[in-house]
Amino acid sequence: MVYSYAELFLKHFGFRTDQVGMVVAIGYLAGMVIQPALAQAADRERRVTLKSGIAGCAAVGVLLAIAVPLCKNVLPVVAVLFGAMTCVTLASQPLVNAVGFHYINRGEPLDYSFARGAASVAYALASLLFGRIVKTGVEPMLWVYLGVNVGMFLLALWFAPHRTGIEQVKDGGSLLSVIKKYPRLILFCIGNLVLCVPHMFINSYLASITSVTGGNMSVMIALAAVLEFPGMMAYSHIRKRISDRVLLLASASVYLLKTGLLLLAATTKIGVWSVYASSALQLLCYAIFMPASSYYANDVVDASDQVKGQMLLTETGLLAGMASMLFGGISIEHLGVPTTLLLCEALVAVGVVLVALGVRREKR
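Position 136 (the sequence shown) corresponds to 136 in my numbering; numbering is contiguous.
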């Protein structure tokens with residue numbers, strides 16, 4: 001809902017496209033401020049643990065979802081509440097990733113990429129459900145969001161670990177020291193940032209894009225999400241034969257074709273098939289790039305920086321989301337969808353180059 005349905009949701013309350021971008025961008029900015037503090041606290045496990053951090057974010061999300069319909073006639077309040085929902089949802093992501101890699105690093109037989117793929121299938125089903133919901137109104141999506149956060153709260157209390165003994169870090173490094181310590185990872189994160197801006201723009205403004213290219217928005221989202229599952233499910237087996245670095249570069253390159261097909265649909269009469277083909281390429285780009293990024297970050301950082309390593313990835317995602325929502329809305333309003341997609345294709349090309357530089361092995 002935060003990514004693909006924000007435009008429809010906020011327009012229902014009377015927001016313009018550029019205002020939608022500003023609201024979500026502010027939520028991303030707030031998440032960027034909160035994430036480093038949560039990550040560093042969770043690495044140290046003094047006042048905030050993985051358990052309490054995830055459960056706390058989920059509880060706040062429930063309260064915010066309840067408050068939105070009570071204030072639906074006051075747009076500034078709705079803007080603040082939706083921005084806060086965006087913030088707490090995204091702030092919990094590095095903590096959730098860290099839970100998975102905590103068990104993997106401990107030797108548990110956990111398939112992280114399979115779990116990510118299963119989540120994509122759930123998102124695909126939710127997208128089809130939302131496609132039916134929006135025909136009668138978008139407010140029921142709030143109750144879906146509320147239910148998901150209740151489930152996250154209960155699961156956090158049940159599963160999220162509290163590290164003890166050698167696993168518990170007495171004093172992890174600061175974010176600045178981590179940035180200095182892993183220059184290659186930081187360069188990769190910059191490439192990831194540039195690559196994510198067009199990807200998140202497409203997801204966030206799909207309603208506006210399909211009004212020009214044609215295609216059913218809900219079907220596109222569901223198709224992409226369903227096809228993520230086999231890619232993510234197979235990733236843990238693929239990486240045994242092909243390195244994460246190679247897979248990152250290959251999947252990043254597929255984004256060029258994915259965005260290019262939408263650009264062709266917006267500027268030529270190539271046909272609506274290219275729109276659905278673009279969605280189907282999710283199997284070869286996002287479905288590979290996302291787990292590869294998490295594994296790569298986990299492998300190149302020390303145990304004491306585990307949560308902060310995952311946080312750096314999600315921080316770049318937040319910054320990309322903020323930029324895509326803020327400038328994407330403005331660009332659509334003033335330049336139109338075709339020109340904006342052309343700019344996206346150029347950004348993807350730059351992102352591929354930066355990712356390639358970031359994943360290069362250092363010479364010994």
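Ideal placement from N, C-alpha and C gives every residue a C-beta, glycine not left out.
Note that this is a predicted model, so its numbers are computed, not measured.
Integer Cβ distance of Met-311 from Pro-140, believed to fall under 8 Å = The Cβ separation is near 33 Å, so there is no contact.
Selected residue, minimal CA-CA separation from Pro-291, among Ala-91, Asn-192 and Pro-183 = Residue Asn-192 is the option with its Cα nearest to Pro-291.
Give me the Cβ distance between Val-359 and Arg-245, rounded to the nearest whole Å; I'm assuming they're in contact under 8 Å.
-> So it is a contact: roughly 4 Å between Cβ atoms.
Exposed or buried, Glu-108, counting other C-beta atoms within 10 Å across all chains shown (16 or more means buried)?
-> The residue in question, Glu-108, is exposed, as its Cβ has fewer than 16 Cβ neighbours within 10 Å.
Expected contact under 8 Å - CB spacing of Ser-324 and Ser-204 to nearest Å | Confirmed, Cβ separation roughly 6 Å.
Same chain, Cβ closer than 8 Å to Val-355, neighbours up to 5 away in sequence not counted | The answer, listed in chain order, is Phe-188, Gly-191, Asn-192, Leu-195, Leu-248, Leu-249 and Ala-252.
Between which two residues does the alpha helix (DSSP H) harbouring Glu-228 extend?
-> Unbroken alpha helix (DSSP H) run through Glu-228: 217-238.
Tell me which same chain residues have a C-beta within less than 7 Å of the C-beta of Cys-57, skipping the five on either side of it?
-> Correct list, in chain order: Val-88, Ala-91 and Ser-92.
Integer Cβ distance of Val-20 from Ala-30, believed to fall under 8 Å | So it is not a contact: roughly 16 Å between Cβ atoms.
Residue nearest to Thr-267 in terms of C-alpha spacing, selected from Ile-209, Ala-234 and Phe-130 | Taking only the C-alpha atoms, the option nearest Thr-267 is Ile-209.
Roughly how many angstroms separate the alpha carbons of Val-24 and Gly-321, rounded to a whole number?
-> When rounded, the distance between both Cα atoms is 8 Å.
Is Ser-177 helix, strand or coil when you go by DSSP?
-> DSSP places Ser-177 within a helical segment (H, G or I) once states are collapsed to three.
By DSSP, does Ile-66 sit in helix, in strand, or in coil?
-> Ile-66: helix per DSSP, three-state reduction.
With a cut-off of 8 Å on the beta carbons, I'd call Phe-289 and Gly-117 a contact; round off their distance for me.
-> About 13 Å; that fails the 8 Å criterion.
Would you mind stating whether Lys-308 and Cys-285 have Cβ atoms separated by less than 8 Å?
-> Result no, Cβ atoms of Lys-308 and Cys-285 do not sit closer than 8 Å.
Minimum Cβ-Cβ distance from Ile-221 to chain D less than 8 Å = Absent from the structure is chain D; it holds one protein chain and no more.
Assuming Ala-265 contacts Val-272 (C-beta within less than 8 Å), just tell me the rounded distance between them.
-> That belief holds up - the Cβ atoms of Ala-265 and Val-272 are roughly 7 Å apart, short of 8 Å.
Hey, out of Ile-332, Ile-66 and His-237, whose CA is closest to Tyr-112's CA?
-> That would be His-237, whose Cα lies nearest to the Cα of Tyr-112.
Are there 16 or more other CB atoms within 10 angstroms of the CB of Asp-299, so buried, or fewer, so exposed?
-> Exposed, because fewer than 16 other Cβ atoms sit within 10 Å of the Cβ of Asp-299.
Measure the alpha-carbon distance for Val-431 versus Glu-345 and round it to whole angstroms.
-> Absent from the structure is residue 431, since the part of the chain shown begins at 1 and ends at 364.
Backbone secondary structure at Tyr-182 - three-state DSSP | Here DSSP, grouped into helix, strand and coil, assigns Tyr-182 to coil.
C-alpha gap between Tyr-276 and Lys-180, whole angstroms | Cα-Cα distance, rounded: 42 Å.
Own chain residues within Cβ distance below 7 Å of Arg-317, not counting five before or after | Note that residue 317 is Gly in the sequence shown here, rather than Arg. So the qualifying residues of the chain are Cys-196.
Just mark Thr-314 as buried or exposed, buried being the case when its beta carbon has 16 or more other beta carbons within 10 Å.
-> Of the other Cβ atoms in all chains shown, 16 or more fall within 10 Å of the Cβ of Thr-314; this residue is therefore buried.
If Met-85 sits next to Leu-64, beta carbons under 8 Å apart, how far is it from one beta carbon to the other, in whole angstroms?
-> That pair is a contact at about 5 Å.
Give the C-beta separation of Leu-142 and Ser-218 to the nearest angstrom, bearing in mind that I take them to be a contact with Cβ-Cβ under 8 Å.
-> The C-beta distance from Leu-142 to Ser-218 rounds to 18 Å, too long to fall under 8 Å, and the pair is not in contact.
Quick one: Cα of Cys-71 to Cα of Arg-239, how far?
-> When rounded, the distance between both Cα atoms is 48 Å.
For Ala-156, which residues of its own chain have a beta-carbon under 7 Å away from its beta-carbon, when the five flanking residues on both sides are left out?
-> Contacts found: Lys-51, Ile-54, Ala-55 and Ala-58.
Quick one: is Ser-274 buried, meaning 16 or more other Cβ sit within 10 Å of its Cβ, or exposed?
-> It counts as buried.
Would you kindly report the start and end of the unbroken alpha helix (DSSP H) that includes Thr-316?
-> Thr-316: member of the alpha helix (DSSP H) spanning 306-334, first to last residue.
What do you get for Thr-49, buried or exposed, if any count of 16 or more other CB atoms within 10 angstroms of its CB means buried?
-> Thr-49 should be labelled buried.
Nearest-angstrom beta carbon gap, Leu-341 and Leu-263 [assumed within contact, 8 Å] | About 4 Å separates the Cβ atoms of Leu-263 and Leu-341, confirming a contact at the 8 Å cut-off.
Distance, His-12 Cα to Val-68 Cα | Straight-line Cα distance between these residues: approximately 13 Å.
If you drop the 5 nearest sequence neighbours on each side, which residues of the same chain put their C-beta closer than 7 Å to that of Tyr-182?
-> Here the set comprises Val-300 and Val-301.
Extent of the continuous alpha helix (DSSP H) to which Thr-259 belongs = Segment 244-267, the alpha helix (DSSP H) holding Thr-259.
On the three-state DSSP scale, how would you describe Phe-15?
-> In the structure shown, Phe-15 sits in coil (DSSP, three-state: anything other than H, G, I, E or B).
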